[in-house]
Amino acid sequence: MEGYVVRKLVLLTPVVPALSVLVSGSPALAQDSVQRPPSDSELAEIVVTARLRQESLQDVPVAVTAIAPIALANNLATDLSKIAELAPQVSIGRGVNGTGALITIRGISSTSTDAGLDQSISISMDGMQLSRGRVISASMFDVAQVEILQGPQALFFGKNSPAGVISVSSADPTDSFEGYVKAGYEFTANERYAEGAISGPLGETLGARLAFRASKMDGWIRNVAVPGPNPFVPAVPLPGAWAPKTPAGDNLAGRLTLSWKPADDFDVRLKVQLDRSRENSNAAYVETFCLPPVTSPMVSGIAVPNGDCRKDRVTAQTALPAQLAVNFPYANGGVPYARSDFALVVLNINKRFGDVTLTSNTGYYNQLLQGAHTSDFSSIASSFNVERERYEIVSQELRLNTEFDGPINFMIGGYLERATRHWFGAPDILHVFNPGANNYTTNMKTTDSVNESISAFAQARWNVVEGLELAGGARITHDAKRTLYVNTSNNLDSAIGRTLRPAGLPLMARYSRDDVSPEVTLTWKPDADNMIYAAYKTGYKSGGLANPVLLSATATESSLTFDHEKVRGFEAGYKAELFNRRLRFDIVAYRYKYSGLQVVAFDPVLLRANIGNAASARTTGITSSIAWLAADGLNINANAGYNRARYLSFPGAQCFTGQTAAQGCVGGFQDLSGKALNRAPELTFSFGADYEFEVAEGWSVNLAGNAYRSSSYNAQTDYAAGGQQEAFWRLNASARIKSPGDQFELALVGRNLNNAYYLVYSFNQPFGGPNQYGGVFNRPREVALEGTYRF
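Taking this note's numbering, the leading residue of the sequence shown gets 1, the next gets one more, and so forth.
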C-alpha cells in the first residue's frame, strides 16, 4: 500500500494501549462455528453472533444463514459474490463504477452507478461495518464463518442496514501451533492460487495468526476487438483489444491477528488486513448484447467491428489510442485497468465486571481505487472514462451488555463513524481536444465528501416466565454529510463541455437527518429443541448527495440531494431440532414496507446516473432450511425462499431507451407501480448432500453436491426488456480424498458445472440504440484441482 496508508496505521497504533487502560475485557466473541462437537448421532451445534453475543443458531430470533468453512471450500466461494450464492434470496455482483457492487437481499438493493450512494446491505468484516460495495474486491480467505442476516438490522450492526447484513469472521489464533498451505488451479479462467496460515501461542497470554492468499487468472470473456480506423480522429487509428481476455489480473492479501488475554476477565484482539487487487479494466466483467430487431450492434451510428448480439462471453472493446491519452490523468496510456489497495484494522477489547461486559470495537478502513475503461464498451471507443477514489473510514463503538441471573438484562451503547472520500473523474466523450487542459478530456472534476454518523442504541430483555423472553430496543441516529464539487477543467470546444458548471466555481451541498428505529421481539422456547419468535422491526438508511460524473451548469444542492430510506414490518419464525437432534429445521415468514427506496437509473443519452426515491415497496415471503444427518457421514441439506417484492408506488421511474408512449413512457417517465423489484426472483431453492466414508485405514473420501434454482427476474432499473433474466439452475460438486489425520488432502471442485450464465445487472449501452445493452454476468463454470497440507 502507499505510504499514506502506512502512516495511518502507525497513527492508529497508540489506540491499543489507550483503550486497554479505558476498558482493561472479557473473552472476545468466539468465532468457532461449532460448540457442541459433531458426532455420529446428532448434528453439530452452530454458534452465531447475530446479536453480538454467542448464541446457538437455533436460539437466536433472527433470520440468519450460517456458512461454515467446508461449505465455502466445496463451492469455491472465495469472494463475496460466490458466498452470496449459498443463501436463499441473496445475490452480489460487480459494478463498473460508483460504489462498485450490487448487493441484494430479498429484492432490496442499491445499484452501483453513483459513488455517493451507500448500499442497503452492510458488509461486516471482522466486526467493522462497511456500507460501500467496493469491498467486494476483497479476497475471502482463512474464514471461520459467514453469517447472512436477512431483513432490517437496526440494533446490532453499526449504521442501520435496512435489508440485511453479511458478516464475515476470519479465523483467530489457536492454543497450539498449527497451520496449512493450499494451492490450486482453476481450468476455465486459468486461475492459479495459493492460500495458507500459521497460528499458535507466542507466550502464556499472547497468540498470533498470519494468513495470506495470492491468485492470478487469465479471465473468461474473450476480447475480439481488432485494430481499425477511428471515426472521430481519423489520423489516430484504434488499437483494438489490449488483452485477449477479461477479467484478467492478480490479487494478493494478508492478515495478521493478535490476541492477548492477560486475565480471564480481559482480552484484546487486533486484526490487520492488507489487500491488493489488479484487473485489466474497470469494465472487465461487462459484456454487451442486444435483442431483436437488432441483429448487429451499432455504436454512435456505426457498426461495431466483430461485435455480436449474443450473451456468449465474447466482447469487442478497444483501448484508447495512446496519442489521445497524453496528459490524461490516470489514463494509463489509454489501456483500461483497475486497481484497488485497501487496509482494514479492527481492534476489539472486552472487559467483564462479573455479569457485565464492556466492549470497545475500533475500526479503520482505507481504500484507494483507480481505473479506466472504454465507456461505450465497444471497439468504436466513442468515450473513455477514468476514475480515482480515496475512501477512508474511522469508526468506534462502545457497548455494555449484562447477563444477570434475574429476569431483566440489557444492552446499551454508542457508535460513531467518520468517512471521507476524495473522488476524481475525467471522461473523454467523442475525442474533442481540450486546449485548456492540453488533453482530450471533456471535463475533469473532483468531489470531496465528509460523512459523519453518530448513534445511540439500547435493548432490554425480560424473561417474563421460564422460556418466554420479551426484548425491545431502538437506535437513535444522526447523519450529516457534505460534499464540495469542483469542475477543475471543462472542454469548451466540446458541446457537452459547454453545458457544465464553470470550471473553478465550487458547489457545496449538505445533508442531515435524524432517525429513530425501534424493534420488539417476543421469543418462546417451550423446550431445548424448539423456538418460536415474532418481531416488529424497522430500519433506516441515510439519504445523501449524488456524485455525478458530469456536473451540469444547472446543478444545485437540491438537485444533488436524495432522501432517506425507511422500512418497517413484521417477521415470525420457528426453529427446531428433531429426532434426537439429527434433523434441524427453520422457517421464517416476513412482511416489510419500504418507503423512499433509493433507486438509480443510467441515462445513456445524457450520460448520467439519476438517483431518486421510489415512493414505496413491499416484500412478503417465506424462507426455510433443513439439515438432516441421514446416516453416519451422510448429511442432507436444503433451503427455499419465496419472496414477493413489488413497488407499491413508483410513478416517476425513468423510461428506458426507445420506450414509447404506447409502452408507458410519458414525458420521460414511466409508472413501475406493481412491478417486481430488481433482482427479486419469486422463488429460489437449493438442495444438496455430502457423504464422507473411509476407503482404507485412516484414509477417507468426501463427496458433496448442490443444486440451486432461481426463478426469473429483471436486472435493470428502468425495466427494459434486456434486463429480463429467465429461470436457471446452478450445479456444484466436489470430491476430496484425505490422508490419516487430514494432514494431506486432494480435491476436485466444480462450481456452476452446467455453465449457467445469468444477468446480475444490466443497463442501456451508452451511444447504442434501443435494444442494446451492457450486462454484468456471473462467473461461468469453474473446475479446480487443489491440494492442501496441514501441520
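Heads up, the beta-carbon is just placed ideally off N, CA and C, and yes, glycines get one too.
Contiguous beta strand (DSSP E) assignments of at least 3 residues, all confined to the stretch 615–663: Listed in chain order, they are 634–649.
Leu748 CB to nearest heavy atom of the ligand FMN below 7 Å: In the structure on display, the ligand FMN does not appear, and there are no ligands present to speak of.
Three-state class that DSSP yields for Ser24 in the structure shown: Residue mapping note: residue 24 aligns to position 24 of the sequence shown, counting from 1. With a pLDDT of only 32 at Ser24, under 50, the local geometry of the prediction cannot be trusted, and the value read off the model is given with reservation. Here Ser24 sits in coil by DSSP.
Beta-carbon spacing of Gln716, Asn678 below 8 Å: If you number the sequence shown from 1, residue 716 lands on position 716. If you number the sequence shown from 1, residue 678 lands on position 678. The criterion of a C-beta distance shorter than 8 Å is satisfied by Gln716 and Asn678.
Supposed contact pair Asn348 and Val432 - C-beta distance, whole angstroms, cut 8 Å: Locating residue 432 in the sequence shown gives position 432, where the first residue counts as 1. Locating residue 348 in the sequence shown gives position 348, where the first residue counts as 1. Rounded, the Cβ-Cβ distance is 54 Å, inconsistent with contact.
Three-way DSSP call (helix, strand, coil) for Asp742 in this model: What you label residue 742 is simply residue 742 of the sequence shown in a count that begins at 1. Collapsing the DSSP output to three states places Asp742 in a helix.
Rounded straight-line distance, which links the Cα of Glu204 to that of Leu29: Locating residue 29 in the sequence shown gives position 29, where the first residue counts as 1. Locating residue 204 in the sequence shown gives position 204, where the first residue counts as 1. Because Leu29 sits at a pLDDT of 31, beneath the cut-off of 50, its placement in the model cannot be relied upon, and the point is left open.
Helix, strand or coil at Ser379 [DSSP, three-state]: As a position in the sequence shown, residue 379 is number 379, starting the count at 1. Here Ser379 sits in coil by DSSP.
Beta strand (DSSP E) segment containing Pro231, residue limits: Taking the first residue of the sequence shown as 1, we reach residue 231 at position 231. Run containing Pro231: none; DSSP gives neither H nor E here.
Residues bridged to Asp479 [DSSP beta-bridge criterion]: Residue numbering aside, residue 479 sits at position 479 when the sequence shown is read from its first letter. Looking at the DSSP assignment, Asp479 forms a beta bridge with Ser453, Arg513.
Where Ser559 falls, given that 16 or more other Cβ within 10 Å makes a residue buried: Locating residue 559 in the sequence shown gives position 559, where the first residue counts as 1. By the 16-neighbour rule on beta-carbons within 10 angstroms, Ser559 is exposed.
6 Å Cβ shell around Glu557 - same chain, five flanking residues per side excluded: Here residue 557 is taken as the residue at index 557 of the sequence shown, counted from 1. Only Ala509 meet the Cβ criterion.
Top-ranked residue by Cα proximity to Gly741, from Glu694, Ile221, Phe763: As a first step, residue 741 must be located in the sequence shown, where it is residue number 741. The residue from Glu694, Ile221, Phe763 with its alpha-carbon nearest to that of Gly741 is Glu694.
Simplified DSSP state of Ile737, which is helix, strand or coil: Here residue 737 refers to the residue found at position 737 when the sequence shown is read from its first residue. Strand, per DSSP.
Endpoints, alpha helix (DSSP H) assigned at Ala115: Locating residue 115 in the sequence shown gives position 115, counting from the first residue. From DSSP, Ala115 is part of no alpha helix (DSSP H); its letter is neither H nor E.
Cα-Cα separation, Asp376 to Glu745: Mapped onto the sequence shown, residue 376 falls at position 376. Mapped onto the sequence shown, residue 745 falls at position 745. Computed Cα separation, rounded: 46 Å.
Burial state of Arg399, where buried means 16 or more other Cβ atoms lie within 10 Å: Walking along the sequence shown from the start, residue 399 turns up at place 399. In this structure Arg399 is buried. Its beta-carbon is surrounded by 16 or more other beta-carbon atoms within 10 angstroms.
Spatial distance of Ala325 from Val299 (CA atoms): For the purposes of this step, residue 325 is taken as residue 325 along the sequence shown, with counting starting at 1. For the purposes of this step, residue 299 is taken as residue 299 along the sequence shown, with counting starting at 1. Distance between the alpha carbons of Ala325 and Val299 is about 21 Å.
Euclidean distance between Cα positions of Thr660 and Gln772: Position 660 of the sequence shown, counted from the first residue, corresponds to residue 660. Position 772 of the sequence shown, counted from the first residue, corresponds to residue 772. Roughly 16 Å between the two C-alpha positions.
Straight-line gap, Arg709 to Ala208 (C-alpha atoms, nearest Å): The residue you call residue 709 lines up with position 709 of the sequence shown. The residue you call residue 208 lines up with position 208 of the sequence shown. Each residue's alpha carbon lies about 42 Å from the other.
Straight-line gap, Asp312 to Ser296 (C-alpha atoms, nearest Å): Along the sequence shown, one-based indexing puts residue 312 at 312. Along the sequence shown, one-based indexing puts residue 296 at 296. Distance between the alpha carbons of Asp312 and Ser296: 14 Å.
Assigned secondary structure, Asn795 (DSSP; H/G/I helix, E/B strand, else coil): Absent from the structure is residue 795, since the part of the chain shown begins at 1 and ends at 791.
Residue span of the alpha helix (DSSP H) that contains Lys82, given as start and end: Mapped onto the sequence shown, residue 82 falls at position 82. Start and end: 80–83.
Selection from Leu522, Gly612, Leu238 that minimises the alpha carbon distance to Gly544: Position 544 of the sequence shown holds residue 544. Cα-wise, what sits closest to Gly544 is Gly612.
Opening and closing residue of the beta strand (DSSP E) in which Asn706 lies: For the purposes of this step, residue 706 is identified with residue 706 of the sequence shown, where counting begins at 1. Start and end: 699–710.
Leu72 - containing alpha helix (DSSP H), residue span: Numbered from its first residue, the sequence shown carries residue 72 at position 72. For Leu72, the enclosing alpha helix (DSSP H) begins and ends at 69–74.
Helix, strand or coil at Ser137 [DSSP, three-state]: For the purposes of this step, residue 137 is identified with residue 137 of the sequence shown, where counting begins at 1. Helix.
Counted within 10 angstroms of its Cβ, other Cβ atoms place Phe353 as buried (16 or more) or exposed: For the purposes of this step, residue 353 is identified with residue 353 of the sequence shown, where counting begins at 1. It counts as exposed.
Exposure label - Phe763; buried when at least 16 CB within 10 Å: Here residue 763 is taken as the residue at index 763 of the sequence shown, counted from 1. Classification for Phe763: buried.
Cβ contact check for the stretch 99–110 and the stretch 161–175: 3 or more pairs under 8 Å: The stretch 99–110, when compared against the stretch 161–175, does touch it at the 8 Å Cβ threshold.
Rounded distance between the beta-carbons of Gly573 and Pro61, thought under 8 Å: If you number the sequence shown from 1, residue 61 lands on position 61. If you number the sequence shown from 1, residue 573 lands on position 573. About 7 Å separates the two Cβ atoms, so the contact holds.
Spatial distance of Gly569 from Arg475 (CA atoms): Position 569 of the sequence shown holds residue 569. Position 475 of the sequence shown holds residue 475. Rounded to whole angstroms, Gly569 to Arg475 spans 16 Å at the Cα level.
Which residues DSSP lists as bridging Ser360, in chain order: Walking along the sequence shown from the start, residue 360 turns up at place 360. Ser360 pairs with Ile349, Leu398.
At least 3 beta-carbon pairs within less than 8 Å: the stretch 514–534 vs the stretch 86–101: No: fewer than three Cβ pairs fall under 8 Å.
Identity of the residues DSSP links to Ala253 by a beta bridge: Position 253 of the sequence shown holds residue 253. Arg213, Asp275, per the DSSP bridge assignment.
Backbone secondary structure at Ala30 - three-state DSSP: Sequence index remark: in the sequence shown, residue 30 carries index 30 (1-based). Here Ala30 scores only 32 on pLDDT, less than 50, and its place in the model is too uncertain to base an answer on.
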